[in-house]
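What follows is one structure encoded as C-alpha cells, with my remarks underneath.
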Amino acid sequence: MRQMPWEEWRQEESTVERPSLAERRKAALRFEIACEAVRLFTTQGVTATTGEQIARAVGVSSRTLWRHFPTKESCVLPLLTAGLDFAVTQLRYWPARMSLLDFFTETRGTGDLPQGTPTILALIRMTSTEPALRAVWLQAHDDALPVLGRLLAERSGGAADDLRVTVHAATLNGALRAAAEDFARRYADQPEASYDEFAACLDVALRAASEGLPY
1 MRQMPWEEWR QEESTVERPS LAERRKAALR FEIACEAVRL FTTQGVTATT
51 GEQIARAVGV SSRTLWRHFP TKESCVLPLL TAGLDFAVTQ LRYWPARMSL
101 LDFFTETRGT GDLPQGTPTI LALIRMTSTE PALRAVWLQA HDDALPVLGR
151 LLAERSGGAA DDLRVTVHAA TLNGALRAAA EDFARRYADQ PEASYDEFAA
201 CLDVALRAAS EGLPY
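Under the numbering used here, the first residue of the sequence shown is numbered 1, with each subsequent residue one higher.
Shown next as C-alpha cells:
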C-alpha cells in the first residue's frame, strides 16, 4: 500500500531535533496563558479582563506575563499561530507534481487538529466581534505571509519576493483564514469536530481561490 504524505511527515517529524527543555517550557507557559486569556475573555469580556487577572489565573506574576506579551489581547497569539503552524507544517510535505487540492484530499482522515482546537475555534469566533482580537488574528496571518511565500518559492524554484509568488502566498493565506473562520462558525456547537470537517471547509476555500477572480 502506497504511503500517504501525512504518514511520511509523521516519520520525518520523529527525526527532527526537538526544541530544548527551556524552549518547550516557555512555549507551554505561553500556551497556558493564551488558554486562560480566552477563558476570561469568554466569561467576563475582553474589556473587563485585565492582564493581572490573566497572570493570576495562570499562577505567574504580572511582570512575567508582560515579559511574554505586550498587551492583554496579544496573549491569545499562541493559540492563533498554532492553527497556522499546523497548516504550514502540512504544506512542507506537499509532494511535487500533486495539486494542493489533491494533497489536502489525500490527507483527510490521517491527521489530528492542533492541541486546544475547541479553544482556538472559540477565539476565532470572538475575533468577529472584538476589534482588538481581530487585530491579533490578522497580525498572525500577516506574519505567516512571508513563511508561505518562502515555502511556495522553494517549491516553484522562484524567488520569495517575486510578485506571482507573493500573490499566490496571499491567496493561500486568505483561503486558510476564510476556511478557519468558516470552520469555527459552522462547528460552534461541536467541540469534537475533526480534521475532516476542517479539510472540507479548506477544500471549498481553495477551490474558490483556484477559480480566480470573477468577471
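Here a beta-carbon is modelled for each residue, glycine too, at the ideal position from N, C-alpha and C. Quick caveat: nothing in here was measured; it's all calculated off a predicted structure.
Closest by CA to residue i, which one among the options?
i	options	result
Thr237	Glu73, Arg67, Arg207, Tyr195	Outside the displayed range of the chain (1 to 215) lies residue 237, so it cannot be described from this structure.
Cys201	Ala179, Leu152, Pro95, Asp112	Ala179
Phe183	Phe198, Thr171, Pro191, Gln190	Phe198
Glu36	Ala57, Glu23, Glu192, Arg24	Ala57
Trp94	Pro118, Arg155, Val76	Arg155
Phe41	Ile54, Phe31, Glu32	Ile54
Thr47	Ser20, Ala22, Glu211, Ala132	Ala132
Glu192	Gly158, Ala169, Leu121	Leu121
Pro114	Thr129, Phe86, Leu100, Leu123	Phe86
Asp142	Glu130, Ala170, Ser128	Ala170
Ala188	Ala160, Glu130, Val167, Leu123	Leu123
Gln190	Gly45, Gly83, Glu23, Pro118	Pro118
Glu130	Lys26, Gly45, Ser20	Gly45
Glu32	Gly59, Arg18, Glu181, Leu21	Gly59
Glu181	Glu52, Leu84, Ser62, His168	Leu84
Assign residue i to one of three DSSP states: helix, strand, or coil.
i	result
Trp94	coil
Phe69	coil
Asp102	helix
Leu213	coil
Gln190	coil
Ser62	helix
Glu32	helix
Arg150	helix
Gly116	coil
Thr47	coil
Ala159	coil
Thr166	helix
Ser128	coil
Arg18	coil
Ala199	helix
Please classify residue i as buried or exposed, where buried requires at least 16 neighbouring CB atoms within 10 angstroms.
i	result
Ala209	buried
Ala28	exposed
Arg185	exposed
Val165	buried
Leu206	buried
Met126	buried
Arg177	buried
Val38	buried
Gly116	buried
Ala96	exposed
Ala153	buried
Ala175	buried
Would residue i and residue j qualify as a contact pair, given that the criterion is a beta-carbon distance under 8 angstroms?
i	j	result
Pro78	Ala34	yes
Thr81	Ala135	no
Asp230	Tyr195	Given a span of 1 to 215 for the chain in the structure shown, any question on residue 230 remains unanswerable.
Leu65	Leu151	no
Asn173	Leu213	no
Val88	Leu138	no
Asp203	Thr43	no
His68	Arg30	yes
From the beta carbon of residue i, is the nearest beta carbon of chain B less than 8 angstroms away?
i	result
Ala153	Of the protein chains in the structure, only one exists, and it is not chain B.
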